Ligand SMILES: Nc1ncnc2c1ncn2[C@@H]1O[C@H](COP(=O)(O)OP(=O)(O)OP(=O)(O)O)[C@@H](O)[C@H]1O
Ligand SMILES: [Mg+2]
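Right, dumping it as structure tokens:
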């Protein structure tokens, strides 16, 4: 049986005007009855936002995390349970009659449970699931009235609960392990494209997640944003790099202008830079140039 989660507000969730605008847009589309798709590159905050928006809806949540192994039985359910019946018959005291029967039972999975009981479904990374598996979503998102159950569940139809809402997230198609979603599914979703946080939000997230002062977070975010803007990164560093640098700096007791801080920045950021992109300049030289614009050396 699918388990529903009751969400609590996170103290460390950062809500700047930038985030509030996305949350309000998403809530208004969901309240109008449309499923939403938070789409964007790694680290742009899709999963965190999905949980926050689901919490705002105030209903229990069922969560599906997409990957290549997910089958339709993981979404709807299947004959996953087993029931056993044992009868001891001692009607005549000298005779013991034992009768045993066992049969499989249908268990609802998370999508079906959300549709039946009006929960909020978070379907994280839905494009990592084979597109044909996601076909089951089409009739649910289309008219939200009728959902036909597979014959193995006894068949028949259920009415999708009017409170059912769905929040999906997806990475860009060019990412490894991501399928192209079918047009019919995208056509039924309102897609909100997230293209990275504004600077203030990134600073606030770094402060909240690493518990560092504003000035430290601002410099670290400044370094990461400058590096991004060079266009020389193979893997664009995200707010995760900012949080990582801030946590390591704190852990090592390093200050912004120390050699240790530079070492941490090199270790975290050098692997993001594409060797093929920087030409004759070395990765270390590029990083030093970026660092010198934000911090000095003691
Ligand atoms: N509004 C926010 N408040 C606090 N922390 C946040 C917020 N948004 C994102 N973060 C933090 O930023 C990091 C990246 O966010 P998240 O995991 O939601 O991104 P994502 O887009 O789902 O990434 P991926 O595609 O890799 O799954 C996480 O450490 C997360 O806790
Ligand atoms: Mg995510």
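Numbering (my numbering), first residue to last: 253 to 550. Ideal Cβ positions, reconstructed from N, Cα and C, are used throughout, including at glycine. Remember, it's a predicted structure, so these values are computed and weren't measured experimentally.
When only Cα atoms are considered, residue 325 and residue 381 end up about 13 Å apart.
For residue 413, the secondary structure class from DSSP, reduced to helix, strand or coil, is coil. Distances from the CA of residue 314 to each of 373, 378, 327, 425 were compared; the closest alpha carbon is that of 373.
Between residue 433 and residue 455, the C-beta spacing is not below 7 Å. Within the region 293-327, complete alpha helix (DSSP H) segments of at least 4 residues are found at 298-309, 324-327, given in chain order. Within the same chain, Cβ atoms closer than 6 Å to the Cβ of residue 286 are found at 442, the five residues on either side in sequence being excluded. With respect to residue 478, residue 542 sits close: the two C-beta atoms are nearer than 7 Å. Using a cutoff of 6 Å, the CB of residue 299 counts as near ligand 2, since one of the ligand's heavy atoms is closer than that.
For residue 275, the distance from the CB to the nearest heavy atom of ligand 1 is not below 6 Å. Cβ-Cβ distances below 8 Å link residue 453 to 266, 268, 270, 271 in the same chain, with the five nearest sequence neighbours on each side left out; the list follows chain order. Ligand 1 approaches residue 296 closely enough that one of its heavy atoms is under 6 Å from the residue's Cβ. Using a Cβ-Cβ distance cut-off of 8 Å, the region 296-307 and the region 418-430 are in contact, since at least three pairs of beta carbons, one from each stretch, lie closer than that value.
Counting along the chain, residue 273 sits inside the alpha helix (DSSP H) bounded by residues 269-283. Counting along the chain, residue 291 sits inside the beta strand (DSSP E) bounded by residues 288-291.
Distances from the alpha-carbon of residue 474 to those of 490, 387, 444 put 490 closest. Judged by DSSP in its simplified three-state form, residue 341 adopts strand. In the three-state reduction of the DSSP assignment, residue 370 falls in the coil class. Within its own chain, the residues whose Cβ lies closer than 8 Å to the Cβ of residue 282, once the five positions on either side in sequence are excluded, are 288, 305, 309, 417, 419, listed in chain order. DSSP lists no bridge partner for residue 429. When rounded, the separation of the alpha-carbon atoms in residue 293 and residue 321 is 22 Å.
Residue nearest to residue 257 within the set 312, 297, 278 is 312 (criterion: CA-CA distance).
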